[in-house]
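According to our numbering, the stretch in the sequence shown is residues 11 to 282, in order. Beta carbons: idealized from backbone N, C-alpha and C, even for Gly. Note that this is a predicted model, so its numbers are computed, not measured.
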Amino acid sequence: MLTVTMRSPELHPVALTSGERLLFGRAPHSTARQPGRYAVALPGCAPHVSRVLADVVVSDGAARLTWRGANEAMLSSLFEAPGGARRVTLVRGMSTVLDDGKNELVVFGARALGQRTADLALTFLVAATRGRGEPTELEAARAAGAGTPVTEEAPQALTRYSKVWFVALALAEPLLAGEDDEARVPTHQEIHRRVSHWRDGQAWNLADPRRVDEAVKKISRIAFGEEADPYTAAREGKLFNARFAVARRAAQRRLVTAEDLDEVERAARERR
């Protein structure tokens, strides 16, 4: 028998055992009541966060998480994962088995901090038990009521085919192509050449490194939000590879995708 415990700084720990199912999100109680199904509303969610982000189903042999929300998230397993730790970006409809031990879930830009947003972090601890786990402190899912808050539009992402979108695509290209060496980030000149290649020689003013930096910082604010912007952290004296962090985050949040890269490469080949 398995026990799955969900924790976060804003929640009391909640435990599930075999045969139980948990829905969580901004307002997950809008689903119909069913035996063994529970719901947890995550405190502090921004209005654009989906009412139901995910559900976790626990059986005797496995705990399966299925992502239901429009918001992207990152799932990382830290202990006892097959072949070592793993990291996967979750999008709507994706299903995955939680690994034994500790699983970290980060929902990008889901926590409201006034007019700003920050990531929302949850931890799932998966462990085998001999008997039934501790009683759950969960509320059974109930039918939707008149007071259920409507999900708002998410903050605007990158405008497709804009200058900033093309810079994000060039910046994240090694990650999207599977060449994710952390020591290797495209230079200003490489970003300019790639955008020029994709746009048939038209690369706005990106020959100027300052314009590339401006675009990367815009991508950073969209990808991280102002609270976690690595360029803000750099100004505060915390040294790390901010440009690579922006590239990875843009790929994780699917601001640009491998499908986008395939599209612009195909269009460039057809022009030639």
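N-terminal and C-terminal residue of the beta strand (DSSP E) that P23 is part of: Looking up residue 23 in the sequence shown gives position 13. Looking at the DSSP string, the run of the beta strand (DSSP E) that includes P23 is 21 to 27.
Figure out for me which residue from R17, L75, G79 has the closest Cα to the Cα of T291. A question about residue 291 goes unanswered here, because the residues of the chain that appear run from 11 up to 282.
Which residues bound the alpha helix (DSSP H) around S206? Translated into the one-based positions of the sequence shown, residue 206 becomes position 196. Where S206 is concerned, the enclosing alpha helix (DSSP H) stretches over 198 to 208.
Which value, in whole angstroms, describes the spacing of the CA atoms of A238 and T127? Position 228 of the sequence shown holds residue 238. Position 117 of the sequence shown holds residue 127. If I take the Cα positions, the gap works out to 9 angstroms.
Supposed contact pair L135 and V68 - C-beta distance, whole angstroms, cut 8 angstroms: Position 58 of the sequence shown holds residue 68. Position 125 of the sequence shown holds residue 135. No, V68 and L135 are not in contact; Cβ-Cβ is about 12 angstroms, not under 8 angstroms.
Which value, in whole angstroms, describes the spacing of the CA atoms of W175 and D70? Working through the sequence shown from its first residue, we reach residue 175 at position 165. Working through the sequence shown from its first residue, we reach residue 70 at position 60. C-alpha separation (whole angstroms): 46 angstroms.
Is it right to say G155 is buried, meaning 16 or more other beta carbons lie within 10 angstroms of its own, or is it exposed? Here residue 155 is taken as the residue at index 145 of the sequence shown, counted from 1. With a pLDDT of 43 at G155, under the threshold of 50, the modelled position of this residue cannot be trusted; read the value that follows with caution. Result: exposed.
Cα-Cα separation between P53 and H22, rounded to whole angstroms: Mapped onto the sequence shown, residue 53 falls at position 43. Mapped onto the sequence shown, residue 22 falls at position 12. Between P53 and H22, the C-alpha separation is close to 11 angstroms.
CB contact flag (R281, D210, <9 angstroms): Against the sequence shown, residue 281 aligns to sequence position 271. Against the sequence shown, residue 210 aligns to sequence position 200. In contact: R281 and D210 (Cβ atoms closer than 9 angstroms).
E87 - containing alpha helix (DSSP H), residue span: For the purposes of this step, residue 87 is taken as residue 77 along the sequence shown, with counting starting at 1. Here residue 87 is Ser; the residue named in the question, Glu, does not match the sequence. Per DSSP, S87 belongs to no alpha helix (DSSP H); it is in the beta strand (DSSP E), 83 to 87.
Within 9 angstroms, strictly: CB atoms of N81 and G119: As a working mapping, residue 81 is identified with position 71 in the sequence shown. As a working mapping, residue 119 is identified with position 109 in the sequence shown. Yes, Cβ-Cβ distance for N81 and G119 is below 9 angstroms.
Which first and last residues belong to the alpha helix (DSSP H) in which W175 is found? Residue mapping note: residue 175 aligns to position 165 of the sequence shown, counting from 1. Looking at the DSSP string, the run of the alpha helix (DSSP H) that includes W175 is 173 to 186.
Nearest neighbour of S86, chosen from D272, R61, Q262 [CA to CA]: As a working mapping, residue 86 is identified with position 76 in the sequence shown. The shortest Cα separation from S86 among D272, R61, Q262 belongs to Q262.
Beta-carbon separation of A51 and R36 under 9 angstroms? As a first step, residue 51 must be located in the sequence shown, where it is residue number 41. As a first step, residue 36 must be located in the sequence shown, where it is residue number 26. Yes, Cβ-Cβ distance for A51 and R36 is below 9 angstroms.
Classify L185 as buried or exposed, calling it buried when 16 or more other Cβ atoms lie within 10 Å of its own Cβ. Here residue 185 is taken as the residue at index 175 of the sequence shown, counted from 1. Counting Cβ neighbours within 10 Å, L185 comes out buried, since at least 16 surround it.
In whole angstroms, give me the CA-to-CA distance for R47 and A56. By 1-based counting over the sequence shown, the position of residue 47 is 37. By 1-based counting over the sequence shown, the position of residue 56 is 46. Roughly 24 angstroms separates the two Cα atoms.
What are the residues that DSSP puts in a beta bridge with V66? Looking up residue 66 in the sequence shown gives position 56. According to DSSP, V66 bridges with L32, L75.
Endpoints, alpha helix (DSSP H) assigned at D270: For the purposes of this step, residue 270 is identified with residue 260 of the sequence shown, where counting begins at 1. Counting along the chain, the alpha helix (DSSP H) containing D270 begins and ends at 268 to 281.
Hey, could you find the ends of the beta strand (DSSP E) A131 is sitting in? Taking the sequence shown and counting its residues from 1, one reaches residue 131 at position 121. Segment 126 to 138, the beta strand (DSSP E) holding A131.
Exposed or buried, D218, counting other C-beta atoms within 10 Å across all chains shown (16 or more means buried)? Mapped onto the sequence shown, residue 218 falls at position 208. With fewer than 16 other Cβ atoms within 10 Å, it is exposed.
What three-state label does DSSP hand S230 in the structure shown? Position 220 of the sequence shown, counting from 1, holds the residue named residue 230. S230: helix per DSSP, three-state reduction.
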